[in-house]
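In the working numbering, each residue carries its 1-based index in the sequence shown increased by 41.
Backbone N, C-alpha and C fix where the C-beta goes; we use that ideal spot for every residue, glycine too.
The block underneath contains the structure these notes are about, expressed in structure tokens.
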Amino acid sequence: SYQPFDNNEGSVVRIAVQIYRWYCEELQENRLYDFEKLFTETEKLVEEHRFPTVENFRFIEIDEFQDFSQSYYDLIKSITDVSKARIFAVGDDWQAINSFAGSDLKFFRNFSTYFEGGTVAYLTTNYRSGKKIVLAGNLLMEGLGKEARAAEGAEEARVVLQMGSTVSSSLRLQMARTVKGIAEKLREACPEESIAVLTRTTAEASAYSWVAKKYGLILSTVHKFKGLEADNVILNVSKWCFPLIHRDWVY
Numbered sequence: 042s043y044q045p046f047d048n049n050e051g052s053v054v055r056i057a058v059q060i061y062r063w064y065c066e067e068l069q070e071n072r073l074y075d076f077e078k079l080f081t082e083t084e085k086l087v088e089e090h091r092f093p094t095v096e097n098f099r100f101i102e103i104d105e106f107q108d109f110s111q112s113y114y115d116l117i118k119s120i121t122d123v124s125k126a127r128i129f130a131v132g133d134d135w136q137a138i139n140s141f142a143g144s145d146l147k148f149f150r151n152f153s154t155y156f157e158g159g160t161v162a163y164l165t166t167n168y169r170s171g172k173k174i175v176l177a178g179n180l181l182m183e184g185l186g187k188e189a190r191a192a193e194g195a196e197e198a199r200v201v202l203q204m205g206s207t208v209s210s211s212l213r214l215q216m217a218r219t220v221k222g223i224a225e226k227l228r229e230a231c232p233e234e235s236i237a238v239l240t241r242t243t244a245e246a247s248a249y250s251w252v253a254k255k256y257g258l259i260l261s262t263v264h265k266f267k268g269l270e271a272d273n274v275i276l277n278v279s280k281w282c283f284p285l286i287h288r289d290w291v292y
């Protein structure tokens, strides 16, 4: 019933459908389950009371709740139906990156609708970062959620935000030269301190490899740098690249 936009799209769709059919046949012939099938089969076992252990569950904790999907919800719902377990979920909608795998922020934003009687508590105090870092983060995400605040007594840090409106090669070269200038000044002022340059993607990071090598900088994507620290951080910011605005927020 789907109507392709044009012949090119139609060709791609037909190829994709055939590949998916082969994929399903391969799973069936070899009695294999993919990730999605594991959800549906487990849900069936729970509903048929063939998984009695879950009926004794009192509490279920869900981490990374921003990545919750319909499959996750159906499974959790089948468990709570037979166990009456209470749900505790933790997540951050600013970290929603799995929509390609089926995650949907509707569960995060409407928690009380999907889990009757549920209440929501907003944790807006950042205990990891200093005030300047928290302020920089709020500026980047302005208008996209509740502002964060730094905990009292949090250590201060130097923060450099490097802004750009595109991710063209010419802009990357210009931004790399800017990072070079910042790195030179930081090395003069504090030669023994660590300096990290953080980008959204690995492709962006490659533009700074020559600067990193020359000045001994830590070069990383923001995702890989989770839980790590540096005395000085240079954050690369390009519109539609970092911060990556979730598609549900664009109208």
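Under the rule that 16 or more other beta-carbon atoms within 10 Å means buried, what is residue i, buried or exposed?
{"i": "Asn-294", "result": "It is not possible to answer for residue 294, since the shown part of the chain is limited to 42 through 292."}
{"i": "Tyr-43", "result": "exposed"}
{"i": "Ile-174", "result": "buried"}
{"i": "Ser-52", "result": "exposed"}
{"i": "Ser-247", "result": "exposed"}
{"i": "Gln-215", "result": "exposed"}
{"i": "Arg-218", "result": "exposed"}
{"i": "Arg-55", "result": "exposed"}
{"i": "Phe-149", "result": "buried"}
{"i": "Asn-49", "result": "exposed"}
{"i": "Thr-240", "result": "buried"}
Hey, residue i and residue j: beta-carbon distance below 9 Å or not?
{"i": "Leu-86", "j": "Phe-92", "result": "yes"}
{"i": "Ser-124", "j": "Phe-98", "result": "yes"}
{"i": "Glu-96", "j": "His-90", "result": "yes"}
{"i": "Ile-275", "j": "Ala-244", "result": "no"}
{"i": "Glu-102", "j": "Ala-57", "result": "no"}
Measuring CA to CA, which of the options is closest to residue i?
{"i": "Ala-142", "options": "Leu-269, Ile-60 and Phe-76", "result": "Phe-76"}
{"i": "Leu-164", "options": "Gly-171, Arg-190 and Ala-253", "result": "Arg-190"}
{"i": "Ser-235", "options": "Ser-247, Glu-270 and Gln-111", "result": "Glu-270"}
{"i": "Thr-242", "options": "Ile-101, Leu-146 and Val-263", "result": "Val-263"}
{"i": "Ala-126", "options": "Thr-94, Ser-110, Ser-261 and Ala-248", "result": "Thr-94"}
{"i": "Glu-193", "options": "Gln-215, Phe-149, Leu-214 and Tyr-168", "result": "Tyr-168"}
{"i": "Lys-221", "options": "Glu-96, Tyr-249, Glu-82 and Arg-150", "result": "Tyr-249"}
{"i": "Gln-111", "options": "Lys-147, Lys-267 and Ser-170", "result": "Lys-147"}
{"i": "Glu-88", "options": "Thr-121, Val-58 and Tyr-61", "result": "Thr-121"}
{"i": "Arg-268", "options": "Asn-139, Pro-45, Asp-47 and Ser-170", "result": "According to the sequence shown, residue 268 is Gly rather than Arg. If we check each option's Cα against that of Gly-268, Ser-170 comes out closest."}
{"i": "Phe-100", "options": "Phe-266, Ile-128, Trp-63 and Val-238", "result": "Ile-128"}
{"i": "Asp-145", "options": "Pro-232, Thr-166 and Tyr-113", "result": "Tyr-113"}
{"i": "Ser-261", "options": "Thr-154, Asn-277 and Val-238", "result": "Val-238"}
{"i": "Ala-162", "options": "Asn-139, Trp-251, Asn-49 and Lys-187", "result": "Lys-187"}
{"i": "Ala-177", "options": "Thr-154, Asn-277, Trp-251 and Ile-138", "result": "Asn-277"}
In the DSSP assignment, find the unbroken beta strand (DSSP E) run with residue i in it and report its ends.
{"i": "Ile-103", "result": "100-103"}
{"i": "Ser-261", "result": "259-262"}
Where do the ends of the alpha helix (DSSP H) carrying residue i lie?
{"i": "Ala-130", "result": "Element bounds for Ala-130: not the alpha helix (DSSP H) but the beta strand (DSSP E), 127-130."}
{"i": "Val-238", "result": "Taken as a continuous stretch (DSSP letters only), Val-238 belongs to no alpha helix (DSSP H), being part of the beta strand (DSSP E) at 236-240."}
{"i": "Ala-57", "result": "48-70"}
{"i": "Asp-115", "result": "111-124"}
{"i": "Asn-179", "result": "172-181"}
{"i": "Lys-267", "result": "Taken as a continuous stretch (DSSP letters only), Lys-267 belongs to no alpha helix (DSSP H), as it is neither H nor E."}
{"i": "Leu-73", "result": "Where Leu-73 is concerned, there is no enclosing alpha helix (DSSP H), given that its DSSP letter is neither H nor E."}
{"i": "Tyr-155", "result": "152-155"}
{"i": "Tyr-256", "result": "250-256"}
{"i": "Glu-89", "result": "Here Glu-89 belongs to no alpha helix (DSSP H), and DSSP marks it neither H nor E."}
{"i": "Ser-296", "result": "Because the chain in this structure spans residues 42 to 292, residue 296 falls outside the shown range and cannot be described."}
Taking contact to mean 3 or more Cβ pairs, one atom from each stretch, closer than 8 Å, check whether the stretch 219-231 and the stretch 251-267 are in contact.
Yes, the stretch 219-231 touches the stretch 251-267.
Okay, do the stretch 105-113 and the stretch 122-134 touch, 3+ Cβ pairs below 8 Å being the bar?
Enough Cβ pairs lie closer than 8 Å, so yes.
Counting pairs of beta carbons, one from the stretch 148-158 and one from the stretch 181-192, are three or more of them closer than 8 Å?
Here the stretch 148-158 makes no contact with the stretch 181-192; the two share fewer than three CB pairs at distances below 8 Å.
Report yes or no: do three or more beta-carbon pairs, one from the stretch 112-131 and one from the stretch 64-71, lie closer than 8 Å?
The stretch 112-131 makes no contact with the stretch 64-71; the number of CB pairs closer than 8 Å stays below 3.
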